[in-house]
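Undergrad: Chains as they are written, first to last, in the numbering used here: chain A, 15 to 105; chain B, -13 to 257.
Glycine included, C-beta positions come from ideal geometry on N, C-alpha and C.
Sending over a structure as structure tokens; questions will come in a sec.
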């Protein structure tokens, strides 16, 4: 259990924190650069939304961020299992 | 890749005792036969050719054979980070030699193996450890910043909406990220014998064995330190938007705690 929990938590945290920084940075660049409103995501699943209304701007995290983080955690668990199997490391 | 004019010296922290070559990082001693000890005793900055000449005279060998032996032995010790090699003829000569070797090997689809270098980390306190990492990597960091800035200039030109100084800041963030990353590892190795291992563009902190939990924390500290600096830059970016892109570059180090990176594999107990 613990052999899977550590890679899952590290994978989730790494992806979530990196995406959060990237989203905020993109928002800052968009606000400073005078970009129009836009949305980053796939279909109904948004990663972020940037809105410019009049003189104000806002950046919103989408529901896709935690989902992508969870996917990253699962991918990390699978990769860890693969490394363990190839390296012959006991569980 | 090792030339007769290269200078060979025991790596920082390594010493020669009656038992052999003692490396505090590994513990124990690397046992040597008579000729190997003869070479190791002379690894004090002399050239490979000088040592080969002495070896030939002492053991009655031809110079060519002695030279080949000293080159091979020095190469093995360098692989194990027990000796450092300084190119004869300076950096320019080494670069010329690297180019010529790379050209020859390219016909066979091979690349020359980079010479490894070990630099000391003074791990008495966290501050001295960070200082010695910064000093050891300063030259490489400046070069890395320049190369990355040039690449970023080319890539970011396609975006067109960024400030002209953005490539420089990205270059600086890449270089700073490497230094802060390694300093993050070193800061948590207080009191543990450790060193920096440089091999081409690759940098790593090597250390004596520590308990598994501490090892995992040390591994995560490198990506964590660079990520933390990225968050600090991001916090300042609403005042100076140019810092937004470098903050992402630094934050990307955080991905190093996944299994895709060596630090992540260590943190997950896979190494």
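Is DSSP giving residue 26 of chain A helix, strand or coil here?
TA: Helix.
Undergrad: Listing by chain order, which chain A residues have their CB less than 7 Å from the CB of residue 240 of chain B?
TA: By Cβ distance, chain A contributes 28, 31, 32.
Undergrad: Compare the C-beta of residue 101 of chain A against all C-beta atoms of chain B and say whether one is closer than 9 Å.
TA: So, interface residue.
Undergrad: From residue 196 of chain B to residue 184 of chain B, what distance separates their C-alpha atoms?
TA: In a straight line, the C-alpha of residue 196 of chain B is about 22 Å away from that of residue 184 of chain B.
Undergrad: Quick check on the DSSP output: the alpha helix (DSSP H) that includes residue 24 of chain B runs from which residue to which?
TA: Segment 20 to 27, the alpha helix (DSSP H) holding residue 24 of chain B.
Undergrad: Using the three-state DSSP reduction, which class does residue 94 of chain B fall into: helix, strand or coil?
TA: In this structure, residue 94 of chain B counts as coil in the three-state DSSP scheme.
Undergrad: Taking Cβ-Cβ distances shorter than 8 Å, what residues in chain B pair up with residue 98 of chain A?
TA: Near residue 98 of chain A (Cβ distances below 8 Å), the residues of chain B are 256.
Undergrad: Closer than 7 Å by beta-carbon distance: list the chain A residues that pair up with residue 244 of chain B, in chain order.
TA: Those within 7 Å of residue 244 of chain B in chain A are 24, 25, 28, 90.
Undergrad: Label residue 64 of chain B either buried or exposed according to how many other C-beta atoms from any shown protein chain fall within 10 Å of its C-beta, with 16 as the threshold for buried.
TA: Residue 64 of chain B is buried by the Cβ-count criterion.
Undergrad: Kindly indicate which three-state DSSP category residue 193 of chain B falls into: helix, strand or coil?
TA: Strand.
Undergrad: CB residue 45 of chain B to CB residue 59 of chain B, shorter than 9 Å?
TA: No, the Cβ-Cβ distance between residue 45 of chain B and residue 59 of chain B is not below 9 Å.
Undergrad: May I have the straight-line CA-CA distance separating residue 20 of chain B from residue 3 of chain B, to the nearest angstrom?
TA: For residue 20 of chain B and residue 3 of chain B, the distance between alpha carbons rounds to 13 Å.
Undergrad: Closer than 8 Å is the cut-off here; do at least three beta carbon pairs connect the stretch 157 to 171 of chain B with the stretch 112 to 125 of chain B?
TA: Flag = yes, the stretch 157 to 171 of chain B and the stretch 112 to 125 of chain B touch.
Undergrad: Could you tell me if residue 50 of chain A is buried or exposed, where buried requires 16 or more neighbouring beta carbons within 10 angstroms of its beta carbon?
TA: Looking at its Cβ environment, which holds fewer than 16 other Cβ atoms inside 10 Å, residue 50 of chain A is exposed.
Undergrad: Our contact map puts residue 167 of chain B next to residue 214 of chain B with C-beta atoms below 8 Å; I'd like the distance itself, whole angstroms only.
TA: In fact, because the Cβ distance is near 11 Å, the residues do not count as touching under 8 Å.
Undergrad: At a CB-CB cut-off below 9 Å, which residues of chain B make contact with residue 58 of chain A?
TA: Those within 9 Å of residue 58 of chain A in chain B number zero; the least Cβ separation is about 26 Å.
Undergrad: Along chain B, in chain order, which residues have C-beta atoms closer than 9 Å to that of residue 61 of chain A?
TA: Chain B residues near residue 61 of chain A: none, gap ~14 Å exceeds 9 Å.
Undergrad: Would you list the one or two residues that DSSP bridges to residue 168 of chain B?
TA: In DSSP, residue 168 of chain B forms no bridge with anything.
Undergrad: With a threshold of 16 other CB atoms inside 10 Å of the CB of residue 10 of chain B, please say whether the residue is buried or exposed.
TA: Exposed: under 16 other Cβ atoms inside 10 Å.
Undergrad: Could you tell me if residue 57 of chain B is buried or exposed, where buried requires 16 or more neighbouring beta carbons within 10 angstroms of its beta carbon?
TA: Flag for residue 57 of chain B reads buried.
Undergrad: Taking residue 164 of chain B as the reference, which of B/200, B/175, B/235, B/154 has the closest Cα?
TA: That would be B/235, whose Cα lies nearest to the Cα of residue 164 of chain B.
Undergrad: Within the 9 Å Cβ cut-off, does residue 80 of chain A reach chain B?
TA: Judged by the 9 Å Cβ criterion, residue 80 of chain A is not in contact with chain B.
Undergrad: Between the C-alpha atoms of residue 257 of chain B and residue 60 of chain A, what's the straight-line distance to the nearest angstrom?
TA: Using only the alpha carbons, I get a separation of about 37 Å.
Undergrad: Chain B partners of residue 36 of chain A, CB-CB under 8 Å?
TA: What residue 36 of chain A touches in chain B: 234, 237.
Undergrad: Identify whether residue 48 of chain B lies in helix, strand or coil by the three-state DSSP scheme.
TA: Looking at residue 48 of chain B - three-state DSSP - the assignment turns out to be coil, as it is neither helix nor strand.
Undergrad: For residue 105 of chain A, which residues of its own chain have a beta-carbon under 6 Å away from its beta-carbon, when the five flanking residues on both sides are left out?
TA: In this predicted model, residue 105 of chain A has a pLDDT of only 41, less than 50, meaning its place in the structure is not dependable; the value taken from the coordinates is given anyway. So the qualifying residues of the chain are 17.
Undergrad: Check whether chain A comes within 9 Å of residue 224 of chain B, counting only Cβ atoms and requiring the distance to be less than that.
TA: Judged by the 9 Å Cβ criterion, residue 224 of chain B is in contact with chain A.
Undergrad: For residue 218 of chain B, list the residues DSSP reports as bridge partners.
TA: Looking at the DSSP assignment, residue 218 of chain B forms no beta bridge with any residue, so it has no partner.
Undergrad: Report all residues from its chain with a CB closer than 8 Å to the CB of residue 21 of chain A; omit the five preceding and five following residues, and keep chain order.
TA: Cβ neighbours of residue 21 of chain A beyond the five flanking positions: 87, 90, 91, 93, 94.
Undergrad: List the residues of chain A whose Cβ lies closer than 7 Å to the Cβ of residue 251 of chain B, in chain order.
TA: Residues of chain A passing the Cβ test: 97.
Undergrad: Can you tell me where the alpha helix (DSSP H) holding residue 60 of chain A begins and where it ends?
TA: No alpha helix (DSSP H) holds residue 60 of chain A; the beta strand (DSSP E) holding it covers 59 to 67.
Undergrad: Does chain B have any CB closer than 9 Å to the CB of residue 42 of chain A?
TA: Closer than 9 Å to some Cβ of chain B, the Cβ of residue 42 of chain A qualifies, so yes.
Undergrad: Which complete alpha helix (DSSP H) runs does the stretch 65 to 116 of chain B hold, if anything under 4 residues is left out?
TA: Those alpha helix (DSSP H) runs which fall completely within the stretch 65 to 116 of chain B and span 4+ residues are 76 to 92.
Undergrad: Residue 77 of chain A to residue 134 of chain B, Cα distance in whole Å?
TA: Approximately 34 Å between the Cα atoms of the pair.
Undergrad: Considering only their Cβ atoms, is the gap separating residue 19 of chain A from residue 79 of chain A smaller than 9 Å?
TA: Not closer than 9 Å, so no.
Undergrad: Less than 9 Å between CB atoms is the rule here; does residue 73 of chain A satisfy it with respect to chain B?
TA: It does not: the Cβ of residue 73 of chain A has no partner Cβ on chain B nearer than 9 Å.
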